[in-house]
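Each remark here refers to the structure printed beneath this line.
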Ligand code: 6CS
Ligand code: FE
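Residue numbers (this note's numbering): 12 to 324.
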């Protein structure tokens, strides 16, 4: 079903030019981080809202019951164990092996994940943070098995979504639902608190079909080591850790990445990217053509109807 016209150029101003041929530079963020004013009755506490505004993320614990977690973990396992011969294009494997690194479009692969995406504990919080109705720009499950799970290099998601998908403004948030325990050791999400206020316009033009490489190991659209060093020295680093079921909400421009996992303990997380319905994608700002729909939704832009109550199979 085609819901919107392909590429509505309602906002063609490029507020954050990036992928310049030969130079990196900083652009101060002009969009709010927290788009709502906190009020009694908001779905998060005042402290959480303040932490999100200042640091670009916050972590919530104990949102799900044990039966819900069992169902989500089992569903994630079933998706990964799809017969390799049957794997659709939205399965991405690790560099140099056939192991599943990422499964995209969770909401289409599984009604359980579609239900999770619409849950008021995720989508309801996203609506508050963005002060708008929301839709799913992207969803994915990252597996990082014990011993050989590979890293995700430092990046801002928004840099890619602006350059390659045409998201005009910084009005999107990711919710990462931990589907194994994430400790400080087994490759948890690392974040640079406060980095969300600066846009790092990256050096290097986007090659054709960049996603075929970037999803295995990102090399274009990443800040230089000097800039990452400066941010990390000035702002520090944090690891978002917690038991299965913990949820990390992080702004689209917060610098993040994660280490490889040589511990015996796997690390697996489901990500849902909520974009404000008024921030729909236009033409990519720095790429020859939009990425495939499984990676970057641009034709099924419908506001999520949030759902309350426990998730059942
Ligand atoms: O491509 C994406 O949409 C996501 N994946 C990577 C490796 N970087 C940018 C963004 O987080
Ligand atoms: Fe990311």
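C-beta atoms are modelled at their ideal positions from N, C-alpha and C, and glycine is treated no differently.
* Report the residue from 118, 270, 170 whose alpha carbon sits nearest the alpha carbon of residue 209. => 170
* Which runs of the beta strand (DSSP E) spanning at least 3 residues fall entirely within the stretch 242 to 304, listed in chain order? -> 249 to 251, 258 to 262, 267 to 269, 278 to 287
* How about residue 46 and residue 57: do their beta carbons lie closer than 8 Å? -> no
* Check whether the Cβ atoms of residue 270 and residue 179 sit closer than 8 Å, and answer yes or no. => no
* To do: Ignore the nearest five residues each way along the sequence and tell me which others in residue 104's own chain have a CB closer than 7 Å to its CB.
  => 110, 111, 112
* Where residue 61 sits in the DSSP three-state scheme -> helix
* Asked: In this structure, does DSSP put residue 160 in helix, strand or coil?
  -> strand
* Asked: At a cut of 8 Å, does the stretch 68 to 87 reach the stretch 257 to 267 through at least three beta carbon pairs?
  -> yes
* Hey, residue 278 and residue 272: beta-carbon distance below 8 Å or not? -> yes
* May I ask whether a heavy atom of the ligand FE can be found less than 7 Å away from the beta carbon of residue 168? => yes
* Asked: Does DSSP put residue 229 in a helix, in a strand, or in coil?
  -> coil
* **Residue span of the alpha helix (DSSP H) that contains residue 137, given as start and end** => 136 to 141
* **residue 305 beta carbon less than 8 Å from that of residue 92** => no
* the stretch 191 to 210 contacting the stretch 22 to 42, beta-carbon criterion three pairs below 8 Å -> yes
* Asked: What is the rounded straight-line gap between the Cα of residue 252 and the Cα of residue 281?
  -> 14 Å
* Asked: Roughly how many angstroms separate the alpha carbons of residue 115 and residue 139, rounded to a whole number?
  -> 25 Å
* Go ahead and pull the three-state DSSP assignment for residue 90. => helix
* Okay, do the stretch 224 to 236 and the stretch 185 to 197 touch, 3+ Cβ pairs below 8 Å being the bar? -> no
* CA-CA distance, residue 321 and residue 173? -> 35 Å
* Asked: Can the beta-carbon of residue 124 be found closer than 8 Å to that of residue 118?
  -> yes
* Asked: Does the Cβ of residue 173 lie closer than 7 Å to at least one heavy atom of the ligand FE?
  -> no
* Give the straight-line distance between the Cα atoms of residue 317 and residue 297, rounded to the nearest whole angstrom. => 33 Å
* How big is the Cα-Cα spacing for residue 246 and residue 36? -> 18 Å
* In terms of DSSP beta bridges, what is residue 25 paired with? -> Paired residue(s): none; residue 25 is not in a bridge.
* **Inside the stretch 159 to 219 only - beta strand (DSSP E) runs reaching at least 3 residues** => 163 to 166, 183 to 189, 200 to 202, 209 to 212
* **Nearest-angstrom Cα separation, counted from residue 324 out to residue 163** => 32 Å
* Reduced DSSP secondary structure (H/G/I, E/B, other) of residue 31 -> strand
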